[in-house]
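Asker: In terms of the numbering used here, the sequence shown is residues -18 to 311. Don't be surprised by glycine CBs; every beta carbon is placed ideally from N, CA and C. All figures in this text were calculated on a predicted structure; none of them were measured in a lab.
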Amino acid sequence: MITLKDNFGRTFPYIRMSITDVCNFKCGYCLPNGYQVDKSDNRKFLHLDEIKRLAKCFSELGVNKIRITGGEPTVRKDFFDIIKVLKFESGIQNVVITTNGYKLDKKAELLINSGLTGINISVDSLNRETFKNITGHDRLPEILQGIKNLQNLGFENIKINAVLLNRVNSSIKDFNNWAEYIEKNKVDFRYIELMRTGDNLDYFKKYHVSSQIFKEYLNKNNWIYQTFGKDSGPSLNYINPKFKGKFGIIAPYSKDFCKSCNRLRITSRGDLRLCLFGNTGINLRHLLKSNDQLNELKDLIMKQMQFKKESHYLELGDTGSTKNLSKTGG
Ligand code: SAM
Ligand code: SF4
-18 MITLKDNFGR
-8 TFPYIRMSIT
2 DVCNFKCGYC
12 LPNGYQVDKS
22 DNRKFLHLDE
32 IKRLAKCFSE
42 LGVNKIRITG
52 GEPTVRKDFF
62 DIIKVLKFES
72 GIQNVVITTN
82 GYKLDKKAEL
92 LINSGLTGIN
102 ISVDSLNRET
112 FKNITGHDRL
122 PEILQGIKNL
132 QNLGFENIKI
142 NAVLLNRVNS
152 SIKDFNNWAE
162 YIEKNKVDFR
172 YIELMRTGDN
182 LDYFKKYHVS
192 SQIFKEYLNK
202 NNWIYQTFGK
212 DSGPSLNYIN
222 PKFKGKFGII
232 APYSKDFCKS
242 CNRLRITSRG
252 DLRLCLFGNT
262 GINLRHLLKS
272 NDQLNELKDL
282 IMKQMQFKKE
292 SHYLELGDTG
302 STKNLSKTGG
């Protein structure tokens, strides 16, 4: 069995694939003015056939999980077809998405029927007004209803992510609100530390806060740090027997963050990115035209692995080619 491996002994059973740069939200840290069409760039996003070929190739390279992201992946008209093809025709076992939860209340059943095995929903606050201020949309109720609908249909693998923003959603009251939520709901909730990108320098300066404040809250409230599973990736997870759900922290600036890196990325235009923040990577599209190119594609991807760097060097202020995360698929 082939496994994708880099020079630092890390293996890559997991791919994050962006299927569009387009988004219908305006999150302050990502696309504060909403998605802007780049007229100089007429390349189209990966189409269904190309996505299927890529997934098949990765499956033959030992990948067992693909996360579909964006932009907002659910804005694509063929979104459900993509999920179905990945799940039932590519050989990949785990097909998960990251979504802003737009109209999730209406989509819950369709998502489950398309074969999805997990969902990460971005919910930056449980306070409706704060949610609206961060994302530019007053859609918190439909998203929470969507989560309920998924649960009522028996769907279990639900994670919620919030970007931790200083003095916006980082108070003890905010933490307590989430604790109350996961006390009753079997959902993993994780705070992601705000990352600096090419576009958000001022925002970053104003709102970045270390996730240490949340760690201290967890320690004070008897949450127990859960040691890493082999393929668990860079999230630090905490459990408490009184709660149905778990807490987690994703802290990209922490010292050992990259040590547990287990993922590669594909941009919506078919670039292989070895790191969310790297300039390293190449376009694969010329090898996605027909099924006959599968072996050539596999060779190219395997050869690229030697260029994966040990760290993202974010702590040195290096954001690589990442203007915002909607472009590389956060
Ligand atoms: N639109 C979908 C969503 O928001 O879930 C998927 C794409 S979004 C780029 C993926 C994740 O990246 C979201 O959880 C979002 O909050 C996070 N994100 C975006 N920009 C970020 C930044 N500068 N720092 C930390 N997380 C960020
Ligand atoms: Fe859109 Fe997701 Fe970026 Fe928010 S974080 S603007 S929902 S791509």
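Closest to R244 by C-alpha separation, out of N45, T178, R177, would be which residue?
Answerer: Counting from 1 along the sequence shown, the entry for residue 244 is found at position 263. It is N45.
Asker: Please classify N14: does DSSP put it in a helix, a strand, or coil?
Answerer: As a first step, residue 14 is located in the sequence shown; it is residue number 33 there, counting from the start. Three-state DSSP puts N14 in coil, outside helix and strand.
Asker: Return yes when at least one heavy atom of the ligand SAM lies under 8 Å from the C-beta of E53, else no.
Answerer: To locate residue 53, count along the sequence shown from 1; it is residue 72. Answer for E53: yes, Cβ within range of the ligand SAM.
Asker: CA-CA distance, V3 and Y198?
Answerer: Translated into positions along the sequence shown, residue 3 becomes position 22. Translated into positions along the sequence shown, residue 198 becomes position 217. Going by the C-alpha atoms only, they are around 36 Å apart.
Asker: Closer than 5 Å is what we want: which residues have a beta carbon that near any heavy atom of the ligand SF4? List them in chain order.
Answerer: C4, F6, C8, C11, L12, N81, S307
Asker: Take the Cβ of L278 as the centre, count every other Cβ of all protein chains shown within 10 Å, and call the residue buried at 16 or more, exposed below.
Answerer: As a first step, residue 278 is located in the sequence shown; it is residue number 297 there, counting from the start. Classification for L278: buried.
Asker: Distance, Cα to Cα, K304 vs R250?
Answerer: Here the question's residue 304 lines up with position 323 in the sequence shown. Here the question's residue 250 lines up with position 269 in the sequence shown. Taking the straight line joining both Cα atoms gives about 15 Å.
Asker: Is the CB-CB distance between A36 and G72 below 9 Å?
Answerer: If you number the sequence shown from 1, residue 36 lands on position 55. If you number the sequence shown from 1, residue 72 lands on position 91. Yes, Cβ-Cβ distance for A36 and G72 is below 9 Å.
Asker: Tell me N133's beta-bridge partners as DSSP assigns them.
Answerer: One-based indexing of the sequence shown puts residue 133 at position 152. The partner list for N133 (beta bridge, DSSP) is empty, contrary to what the question assumes.
Asker: If you follow the beta strand (DSSP E) that L217 is part of, which residue opens it and which one closes it?
Answerer: Position 236 of the sequence shown, counting from 1, holds the residue named residue 217. Note, L217: beta strand (DSSP E), 217 to 220.
Asker: Am I right that S317 and I194 are in contact with their C-beta atoms under 8 Å? What's the rounded C-beta distance?
Answerer: The chain is shown from -18 up to 311; residue 317 falls before or after that span and cannot be answered.
Asker: Would the segment 219 to 227 and the segment 175 to 183 be scored as touching if the rule is three or more Cβ pairs under 8 Å?
Answerer: With a cut-off of 8 Å, the segment 175 to 183 and the segment 219 to 227 do not count as touching, because too few Cβ pairs lie within range.
Asker: Quick check: the Cα distance between L121 and N157, rounded to an integer number of angstroms?
Answerer: Here the question's residue 121 lines up with position 140 in the sequence shown. Here the question's residue 157 lines up with position 176 in the sequence shown. If you take the alpha carbons of L121 and N157, they lie about 18 Å apart.
Asker: Does the ligand SAM have even one heavy atom less than 8 Å from the beta-carbon of M(-2)?
Answerer: Start at 1 with the first residue of the sequence shown, and residue -2 comes out as number 17. Not so, every heavy atom of the ligand SAM lies at least 8 Å from the Cβ.
Asker: Among the residues of its own chain, which have a CB less than 8 Å from the CB of N75, if the five just before and after it don't count?
Answerer: Within the sequence shown, numbered from 1, the residue matching residue 75 stands at position 94. Here the set comprises N45, K46, I47, T98, G99.
Asker: Does the ligand SAM have a heavy atom nearer than 8 Å to the CB of M283?
Answerer: As a working note, residue 283 is residue 302 in the sequence shown. Result no, Cβ not under 8 Å from the ligand SAM.
Asker: Just reading off the alpha helix (DSSP H) that V66 is part of, what are its end residues?
Answerer: Numbered from 1 along the sequence shown, position 85 holds the residue referred to as residue 66. Taken as a continuous stretch (DSSP letters only), the alpha helix (DSSP H) holding V66 covers 60 to 70.
Asker: Considering only heavy atoms of the ligand SAM, does any lie closer than 8 Å to the CB of S103?
Answerer: In the sequence shown, counting from the first residue as 1, residue 103 sits at position 122. At least one heavy atom of the ligand SAM is nearer than 8 Å to the Cβ of S103, so yes.
Asker: Under three-state DSSP, which class holds A232?
Answerer: Residue numbering aside, residue 232 sits at position 251 when the sequence shown is read from its first letter. If DSSP states are grouped into helix, strand and coil, A232 belongs with coil.
Asker: Only counting the same chain, and skipping five residues up and downstream in sequence, which positions put a Cβ closer than 7 Å to that of F185?
Answerer: In the sequence shown, counting from the first residue as 1, residue 185 sits at position 204. If we look at F185 and ignore the five residues flanking it on each side, its Cβ neighbours are L175, R177.
Asker: Just to check my reading of the structure: K140 and V104 have Cβ atoms closer than 8 Å, yes? What is that Cβ distance to the nearest angstrom?
Answerer: Position 159 of the sequence shown, counting from 1, holds the residue named residue 140. Position 123 of the sequence shown, counting from 1, holds the residue named residue 104. Actually they do not touch by this definition, with Cβ atoms about 10 Å apart.
Asker: Would you check if the distance between the CB atom of L134 and the CB atom of A89 is smaller than 9 Å?
Answerer: As a working note, residue 134 is residue 153 in the sequence shown. As a working note, residue 89 is residue 108 in the sequence shown. It is a contact, given that the beta carbons lie within the stated cut-off.
Asker: Report whether the distance from the Cβ of E174 to the nearest heavy atom of the ligand SAM is below 8 Å.
Answerer: Here residue 174 is taken as the residue at index 193 of the sequence shown, counted from 1. Answer for E174: yes, Cβ within range of the ligand SAM.
Asker: When the distance is taken between beta carbons, is G117 closer than 9 Å to G15?
Answerer: As a working mapping, residue 15 is identified with position 34 in the sequence shown. As a working mapping, residue 117 is identified with position 136 in the sequence shown. Taking 9 Å as the Cβ cut-off, G15 and G117 qualify as a contacting pair.
Asker: For the ligand SAM, is there a heavy atom less than 8 Å away from the beta-carbon of V66?
Answerer: In the sequence shown, residue 66 corresponds to position 85, counting from 1. V66: no, Cβ never under 8 Å from the ligand SAM.
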